[in-house]
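Residue numbers (the numbering used here): 33 to 580. Here the structure comes first, spelled out in structure tokens, and everything after it is commentary.
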Ligand SMILES: Cc1cc2nc3c(=O)[nH]c(=O)nc-3n(C[C@H](O)[C@H](O)[C@H](O)COP(=O)(O)OP(=O)(O)OC[C@H]3O[C@@H](n4cnc5c(N)ncnc54)[C@H](O)[C@@H]3O)c2cc1C
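Below you can see the structure in the form of structure tokens.
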């Protein structure tokens with residue numbers, strides 16, 4: 033690894049001061065940070081003789097998992113083959129997937145989906161068989177879904193029900209993880225904060241990070257408010273390696289109504305035959321890719337942005353009006369309802385859409401068992417770079433990843449915790465750094481500026497000049513925001529967003545090629561000779577930052 037140039041402001045080890053004699057302590061065998069699908073699945077896997085604490089930033093139901101629409105990919109049709117799902121995943125991933133990981137996840141998919149059904153998940157059926165949908169990049173129908181486009185709600189309902197039955201698992205909602213606690217090169221738990229107890233030190237034999245993605249770094253995003261990249265930032269400050277953070281997938285079709293919510297319009301609509309048309313009603317996708325509307329997400333997002341530019345219009349349209357109306361309403365009830373709130377009947381009018389940040393392929397580096405590079409720390413789900421998605425995620429593979437890696441991380445943490453002594457002690461970890469109280473900053477102004485900057489310069493298309501401008505601005509903000517201390521999550525979130533945005537920008541500058549979701553208009557070709565490799569960042573104990 034090479035040290036990062038000193039002009040970058042150093043990332044502090046801990047965001048806030050704390051002293052172990054002055055805060056409450058809590059002890060658990062395994063701490064799970066994050067209560068989306070990955071965290072909850074991990075908690076279920078932990079041996080019932082071990083105590084588990086799950087913490088979530090807001091209520092459990094507030095996660096990307098709960099908003100998932102399209103479904104979960106898996107080979108369940110007798111006519112489908114593991115090899116085909118593996119090939120589709122590798123093709124989307126732009127040569128950066130880890131084949132062994134892809135094979136393992138794809139082969140484990142039916143078991144994980146059948147387990148959900150056993151636990152009571154009500155997926156949609158066509159007669160006696162599961163109704164399987166198709167999405168961009170998949171060569172076959174292989175997506176299980178629930179209540180049309182409410183798959184996330186149904187699986188979160190199912191899995192939360194299982195968690196609540198287990199007496200060894202406690203859930204603390206509205207509890208913000210500020211930082212991981214480390215001593216002697218190992219993770220020992222986390223410093224959390226909630227309004228009732230203030231700062232609390234949670235000591236755990238093993239910790240599992242499952243905090244989801246970072247879509248909130250962008251002005252246009254499908255992600256809920258909780259997706260601010262906290263988990264990546266806390267892991268980075270604690271010394272874990274982050275990988276491939278330049279790869280952010282943009283969902284091509286996000287509802288675009290000024291002042292309205294940026295709701296995702298599922299890819300499954302195109303799987304069912306919806307067309308993309310421009311402001312003149314022209315169906316344009318075939319001019320960009322022979323797969324048309326079913327091309328992978330990066331291709332469709334790029335085509336939409338180009339067509340918006342060509343037609344000088346802020347969006348394109350998704351047209352379902354030629355499809356059978358009853359079927360459209362039955363298959364996409366949630367989307368129909370959301371659009372109806374804006375007086376759009378999706379069976380009669382085209383829906384205005386444009387791309388938005390959707391899924392973070394990069395994150396905390398893990399092996400196939402969910403082990404990070406920091407001893408005692410495991411990770412699962414969107415917070416990770418697991419090797420499944422490479423440079424671009426195949427649709428509906430991420431809920432699957434959360435299930436598979438949640439299971440693995442839970443199993444690994446169980447084995448590691450079971451072999452450790454029952455020693456419950458507040459260790460000598462503290463951060464005495466006390467600085468004068470911060471002057472007031474307009475946090476939402478900086479946050480909005482950062483989101484606009486990321487959208488403009490580190491969005492669907494990137495080039496050197498825009499990235500250099502983003503680098504300069506983000507570093508300028510980081511210099512005074514990271515040096516300050518804040519008393520609640522609004523400040524800590526902004527600090528985490530700046531930490532991750534700076535790494536994303538730097539990685540995007542370094543990768544002088546186009547691969548998967550990373551599109552450099554000044555380097556439009558994939559350059560396998562120099563760039564068929566990962567970008568990694570790590571911070572050492574002295575605070576020096578390295579990248580390779
Ligand atoms: C609108 C939408 C639709 C999608 N549709 C699909 C789909 O059809 N199929 C598919 O495969 N994928 C889909 N995805 C992606 C998929 O939902 C996510 O990748 C996946 O759910 C991530 O699960 P997770 O458990 O890793 O994170 P999440 O489900 O996002 O959970 C993160 C958890 O971490 C907690 N957290 C975050 N920060 C902190 C902190 N500082 N302290 C404490 N807790 C914290 C949050 O409170 C939350 O509980 C969709 C995503 C979105 C946004």
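Where is the CB? At the ideal position from N, CA and C, for every residue including glycine.
Indicate whether the contact test is met: 3 or more Cβ pairs, each with one atom in the segment 309-316 and one in the segment 341-354, closer than 8 Å.
Contact between the segment 309-316 and the segment 341-354 is present, because at least three Cβ pairs lie under 8 Å.
Here's a check: name, in chain order, each residue in its chain whose Cβ is nearer than 7 Å to the Cβ of residue 44, leaving out the five neighbours to either side.
The sequence position of residue 44 within the chain shown is 12, counting from 1. The residues are 514.
Are the Cβ atoms of residue 487 and residue 445 separated by less than 8 Å?
Residue 487 sits at position 455 when you count from the first residue of the chain shown. Residue 445 sits at position 413 when you count from the first residue of the chain shown. It is not a contact, given that the beta carbons lie outside the stated cut-off.
Which two residues bound the contiguous beta strand (DSSP E) that contains residue 378?
Position 346 of the chain shown holds residue 378. Looking at the DSSP string, residue 378 is not in any beta strand (DSSP E), and its letter there is neither H nor E.
Let me make sure I understand the geometry here. Which of 523, 517, 568 has the alpha-carbon closest to that of residue 49?
Start at 1 with the first residue of the chain shown, and residue 49 comes out as number 17. It is 517.
Can you look up residue 577 in the DSSP assignment and give me helix, strand or coil?
For the purposes of this step, residue 577 is taken as the residue at position 545 of the chain shown. DSSP places residue 577 in strand when its eight states are reduced to three.
Can you find a heavy atom of ligand 1 that lies under 7 Å from the Cβ of residue 400?
By 1-based counting over the chain shown, the position of residue 400 is 368. Flag unset: Cβ of residue 400 not near ligand 1.
Beta-carbon separation of residue 107 and residue 142 under 8 Å?
Within the chain shown, residue 107 is the residue found at index 75, counting from 1. Within the chain shown, residue 142 is the residue found at index 110, counting from 1. Their beta carbons are under 8 Å apart, which means residue 107 touches residue 142 by this criterion.
Taking 8 Å as the limit between beta carbons, can you name the residues of its chain near residue 186, skipping five residues before and five after?
In the chain shown, counting from the first residue as 1, residue 186 sits at position 154. Around residue 186: 153, 154, 155, 178, 179.
How big is the Cα-Cα spacing for residue 115 and residue 134?
Residue mapping note: residue 115 aligns to position 83 of the chain shown, counting from 1. Residue mapping note: residue 134 aligns to position 102 of the chain shown, counting from 1. Computed Cα separation, rounded: 10 Å.
Do residue 280 and residue 389 have their beta-carbon atoms positioned less than 8 Å apart in this structure?
Indexing the chain shown from 1 puts residue 389 at position 357. Indexing the chain shown from 1 puts residue 280 at position 248. Yes, these two residues count as a Cβ contact at 8 Å.
Alpha helix (DSSP H) containing residue 502: first to last residue?
Working through the chain shown from its first residue, we reach residue 502 at position 470. Where residue 502 is concerned, the enclosing alpha helix (DSSP H) stretches over 496-513.
Report all residues from its chain with a CB closer than 6 Å to the CB of residue 263; omit the five preceding and five following residues, and keep chain order.
Position 231 of the chain shown, counted from the first residue, corresponds to residue 263. Excluding residues within five positions, the ones whose Cβ falls inside 6 Å are 241, 243, 415.
Is residue 89 a contact residue of ligand 1, with contact defined as CB to any heavy atom under 7 Å?
Mapped onto the chain shown, residue 89 falls at position 57. Yes, ligand 1 has a heavy atom inside 7 Å of this Cβ.
Using the C-alpha atoms, what's the distance from residue 441 back to residue 211?
For this step, residue 211 is matched to residue 179 along the chain shown. For this step, residue 441 is matched to residue 409 along the chain shown. Going from the Cα of residue 211 to the Cα of residue 441 covers about 20 Å.
Would you please state the rounded distance, in angstroms, between the beta carbons of residue 286 and residue 385? I believe it to be under 8 Å.
As a working note, residue 286 is residue 254 in the chain shown. As a working note, residue 385 is residue 353 in the chain shown. With a Cβ gap of about 6 Å, residue 286 and residue 385 count as contacting.
Apart from the five residues just before and just after residue 341, which ones in its own chain have a Cβ nearer than 6 Å to its Cβ?
Working through the chain shown from its first residue, we reach residue 341 at position 309. Within the same chain, residue 341 has no close Cβ partners at all.
Quick one: give me the first and last residue of the beta strand (DSSP E) that residue 364 is part of.
Indexing the chain shown from 1 puts residue 364 at position 332. Counting along the chain, residue 364 falls outside any beta strand (DSSP E), and DSSP gives it neither H nor E.
Nearer than 7 Å: is that true of the beta carbon of residue 99 relative to any heavy atom of ligand 1?
Within the chain shown, the letter at position 67 stands for residue 99. Residue 99: yes, Cβ under 7 Å from ligand 1.
Say the cut is 7 Å; is the CB of residue 262 nearer than that to a heavy atom of ligand 1?
In the chain shown, counting from the first residue as 1, residue 262 sits at position 230. Yes, the beta carbon of residue 262 sits closer than 7 Å to at least one heavy atom of ligand 1.
What does the alpha-carbon distance come out to for the pair residue 499 and residue 455?
Locating residue 499 in the chain shown gives position 467, counting from the first residue. Locating residue 455 in the chain shown gives position 423, counting from the first residue. About 49 Å.
Could you check the C-alpha separation between residue 54 and residue 577 for me, to the nearest Å?
By one-based count along the chain shown, residue 54 stands at place 22. By one-based count along the chain shown, residue 577 stands at place 545. Cα to Cα, the separation comes out at about 31 Å.
Am I right that residue 172 and residue 109 are in contact with their C-beta atoms under 8 Å? What's the rounded C-beta distance?
The residue you call residue 172 lines up with position 140 of the chain shown. The residue you call residue 109 lines up with position 77 of the chain shown. Yes, residue 172 and residue 109 are in contact; Cβ-Cβ is about 7 Å, under 8 Å.
Which value, in whole angstroms, describes the spacing of the CA atoms of residue 495 and residue 130?
Numbered from 1 along the chain shown, position 463 holds the residue referred to as residue 495. Numbered from 1 along the chain shown, position 98 holds the residue referred to as residue 130. Answer to the nearest angstrom: the Cα atoms are 28 Å apart.
Helix, strand or coil: how does DSSP classify residue 288 here?
Here residue 288 corresponds to residue number 256 of the chain shown, with the count starting at 1. Residue state, collapsed to three classes: coil.
Check this for me: beta carbons of residue 550 and residue 278, under 8 Å apart or not?
By 1-based counting over the chain shown, the position of residue 550 is 518. By 1-based counting over the chain shown, the position of residue 278 is 246. Yes, these two residues count as a Cβ contact at 8 Å.
Using the C-alpha atoms, what's the distance from residue 543 back to residue 382?
Stepping through the chain shown from its first residue, residue 382 is reached at position 350. Stepping through the chain shown from its first residue, residue 543 is reached at position 511. Rounded to whole angstroms, residue 382 to residue 543 spans 37 Å at the Cα level.
Cβ-heavy atom distance between residue 429 and ligand 1 below 7 Å?
On the chain shown, position 397 is the one that residue 429 refers to. Answer for residue 429: yes, Cβ within range of ligand 1.
Please report the straight-line C-alpha distance between residue 146 and residue 435, rounded to a whole angstrom.
Along the chain shown, read from residue 1 onward, the residue named residue 146 stands at position 114. Along the chain shown, read from residue 1 onward, the residue named residue 435 stands at position 403. So the alpha carbons of these two residues sit roughly 12 Å apart.
Looking at the unbroken alpha helix (DSSP H) that takes in residue 445, where does it start and where does it end?
Residue numbering aside, residue 445 sits at position 413 when the chain shown is read from its first letter. Looking at the DSSP string, the run of the alpha helix (DSSP H) that includes residue 445 is 429-450.
Quick check on DSSP: helix, strand or coil for residue 108?
Numbered from 1 along the chain shown, position 76 holds the residue referred to as residue 108. Residue state, collapsed to three classes: coil.
Is residue 52 helix, strand or coil by DSSP?
Locating residue 52 in the chain shown gives position 20, where the first residue counts as 1. Coil, per DSSP.
What would DSSP say about residue 129, mapped onto helix, strand or coil?
Working through the chain shown from its first residue, we reach residue 129 at position 97. Here residue 129 sits in coil by DSSP.
Comparing C-alpha positions only, which one of 396, 331, 407, 200 sits nearest to residue 245?
Taking the first residue of the chain shown as 1, we reach residue 245 at position 213. Comparing Cα-Cα distances from residue 245 to each of 396, 331, 407, 200, the minimum goes to 396.
Cα-Cα, which of 183, 439, 47 is closest to residue 137?
Position 105 of the chain shown, counted from the start, is the residue given in the question as residue 137. For the residues 183, 439, 47, the minimum Cα distance to residue 137 belongs to 439.
Take residue 300 as the anchor and find which of 175, 202, 403, 335 has the nearest alpha-carbon.
Here the question's residue 300 lines up with position 268 in the chain shown. Ranking the options by Cα distance to residue 300, first place goes to 175.
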